[in-house]
Amino acid sequence: MSQKIKKIGLLTSGGDGPGMNAAIRSVVRYALHYGLEVAGIMRGYQGLLEEDIVPMNHRSVSNIINRGGTILKTARSKDFATDEGKARAAEVLRRHHIGALIVIGGDGSYAGASRFYEKWGFPTIGLPGTIDNDLNGTDQTIGCSTAINTALESIDKIRDTAQSMERVFVVEVMGNQSGYIAMEVALAAGAEDVIIPERSFDYEAMHQDMVEGNRKGKISYIIIVAEGAAQAPVVAENITRHTGLETRYVVLGHVQRGGTPSGQDRILSTRLGAAAVDLILNGYFGKAVGVLQDEINVINLKDATRREHTDMDRRYELLKILT
Ligand code: F6P
5 MSQKIKKIGL LTSGGDGPGM NAAIRSVVRY ALHYGLEVAG IMRGYQGLLE EDIVPMNHRS
65 VSNIINRGGT ILKTARSKDF ATDEGKARAA EVLRRHHIGA LIVIGGDGSY AGASRFYEKW
125 GFPTIGLPGT IDNDLNGTDQ TIGCSTAINT ALESIDKIRD TAQSMERVFV VEVMGNQSGY
185 IAMEVALAAG AEDVIIPERS FDYEAMHQDM VEGNRKGKIS YIIIVAEGAA QAPVVAENIT
245 RHTGLETRYV VLGHVQRGGT PSGQDRILST RLGAAAVDLI LNGYFGKAVG VLQDEINVIN
305 LKDATRREHT DMDRRYELLK ILT
């Protein structure tokens with residue numbers, strides 16, 4: 005164990021995701037078990053700059069493993085994004101005798117954490133907390149499994165109306181610039197089509213398919229749209245214009261971010277929280293933890309951002325075969 009580090013800081017940053025609390029619980033209890041003190045930093049990097057810091061003990065994380073959101077609260081900080089902000093953050097951490105920082109967050113939070121480590125040399129570890137599943141070094145990020153399940157619950161309900169009223173539904177899901185949630189949701193919902201940023205989409209072919217299908221008696225469709233690819237109202241309007249079919253749209257939005265974390269997310273969070281503390285105990289910094297093929301995986305923070313999913317064409321092909 006590193007001799008110098010006695011206290012670690014922990015924050016959640018960017019969009020909250022179900023499972024973040026389970027990760028907080030794991031970090032806190034695992035760190036305490038190995039003799040580290042834990043400082044909880046409220047409201048992400050912004051709270052760090054404002055010195056909104058609270059000591060955490062075993063009891064601070066009681067009864068949170070099953071709760072969505074994050075007890076540490078979260079924010080997107082413009083101040084920390086600047087070099088001046090990062091310099092101030094390093095000062096605050098030193099003043100509070102915090103020797104290492106664990107950041108639970110997504111793409112933007114990782115980019116900040118990586119720069120904080122590379123340029124200011126502050127010992128920082130990243131833990132992948134985002135529903136978007138857009139980080140490298142891990143099969144899934146914390147919150148993604150729950151977000152997919154939440155979207156599916158809604159889409160299953162929408163399907164009842166789509167069938168009963170013979171309508172087309174366009175459902176927009178989150179994911180930032182990634183189409184991962186959209187593709188998984190489309191496959192799991194048995195949707196007719198999916199529009200994602202990773203693939204160019206042939207709208208004309210979809211319209212033709214619909215007209216053709218309609219002629220043969222197919223009257224309800226569910227089309228999933230990733231927010232990074234298109235806007236549901238526009239897609240819906242164009243469908244009506246080109247096919248004459250009655251179309252409705254639903255933007256699922258932030259409902260996907262909340263709620264009770266799935267078992268998968270709780271387990272992922274629990275394993276990753278401990279893995280992050282292990283890195284600190286063993287003196288490794290500037291790293292991001294993940295789980296790849298069921299094993300804990302560690303990569304450099306700077307390589308963890310901007311994941312490209314490479315299997316989207318094959319998944320799309322499968323979706324269309326099964327439709
Ligand atoms: O990164 C998580 C996420 O939910 C994205 O899917 C979405 O684009 C974004 O956050 C929404 O951010 P906000 O809650 O700040 O509107």
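Numbering of the sequence shown is given in our numbering, commencing with residue 5 and proceeding in unit increments.
Every residue gets a Cβ at the ideal spot worked out from N, C-alpha and C, and that includes glycine.
Owing to the predicted nature of the structure, the values given are computational and were not obtained by experimental measurement.
Inclusion of Asn180 in the 6 Å shell around the ligand F6P follows from its C-beta lying nearer than that to a non-hydrogen atom of the ligand.
With fewer than 16 other beta carbons inside 10 angstroms of its own, Tyr38 counts as exposed.
Between Glu241 and Arg171, the C-beta spacing is not below 7 Å. Contact annotation, Gly112 with Gly18: C-beta distance approximately 5 Å; criterion of less than 8 Å satisfied.
In the DSSP assignment, the residues bridged to Val177 are Ala230. Val189 is classed as buried because its beta carbon has at least 16 other beta carbons within 10 Å across all chains shown. Exposure of Ile325 is indicated by the presence of fewer than 16 other C-beta atoms within 10 angstroms of its C-beta. Cβ-Cβ distances below 7 Å link Ile223 to Glu170 in the same chain, with the five nearest sequence neighbours on each side left out; the list follows chain order. Scanning its chain for C-beta atoms nearer than 7 Å, with the 5 sequence neighbours on each side dropped, one finds around Gly116 the residues Tyr49, Phe84, Ala85, in chain order.
In the DSSP annotation of this structure, the continuous segment of the alpha helix (DSSP H) that includes Asn25 starts and ends at 24-37. Scanning the region 118-191 from its first residue to its last, the whole alpha helix (DSSP H) runs of 4-plus residues come out as 148-168.
Distance check between Leu40 and each of Asn137, Val32, Arg47 places Val32 closest, using alpha-carbon atoms only. If you check the C-beta of Gly133 against the ligand F6P, you find no heavy atom less than 6 Å away. If you look at Lys11, you'll find it in the beta strand (DSSP E) that goes 11-16.
Of the candidates Gly125, Arg275, Ala234, Ala234 places its Cα closest to the Cα of Met178. Buried is the label assigned to Val229, since at least 16 other Cβ atoms lie within 10 Å of its Cβ. Taking a 10 Å sphere around the C-beta of Asp315, we find fewer than 16 other C-beta atoms and assign the residue as exposed.
Spanning the alpha carbons of Phe120 and Gln181 requires a straight line of approximately 24 Å.
Contact check for Ala93 and Leu52: beta-carbon distance about 5 Å, within the 8 Å limit, so the pair qualifies. Taken from the Cβ of Gly19, at least one heavy atom of the ligand F6P lies inside 6 Å. It is roughly 24 Å from the alpha-carbon of Asp317 to the alpha-carbon of Val255. Between Tyr288 and the set Arg63, Gly103, Arg71, Leu156, the nearest pair of CA atoms involves Gly103. Between the ligand F6P and Asp269, a heavy atom-to-CB distance of less than 6 Å is absent. Each of Ile28, Thr264, Tyr225, Val259 was checked against the Cα of Ile108, and the nearest Cα belongs to Ile28. Relative to the non-hydrogen atoms of the ligand F6P, the Cβ of Gly110 comes within a distance shorter than 6 Å of at least one. In its chain, beyond the 5 residues on either side, Asp197 have a beta carbon closer than 6 Å to the beta carbon of Met210. When C-beta atoms of the region 299-315 are compared with those of the region 133-147, three or more pairs fall below 8 Å, so the two segments count as touching. It is roughly 7 Å from the alpha-carbon of Met187 to the alpha-carbon of Ile200. Taking the Cα positions, Lys291 is about 38 Å away from Ala195. According to the DSSP assignment, Ala240 belongs to the alpha helix (DSSP H) that extends over 236-247. For Met60, the closest of Ala43, Thr165, Asp20 by C-alpha to C-alpha distance is Ala43. At the C-beta level, Ala278 and Tyr34 come within 7 Å of one another. A direct Cα-Cα distance of roughly 27 Å separates Gly262 from Glu55. Asp213 has its Cβ no nearer than 6 Å to any heavy atom of the ligand F6P. Ile57 has its alpha-carbon roughly 27 Å from the corresponding atom of Ile271.
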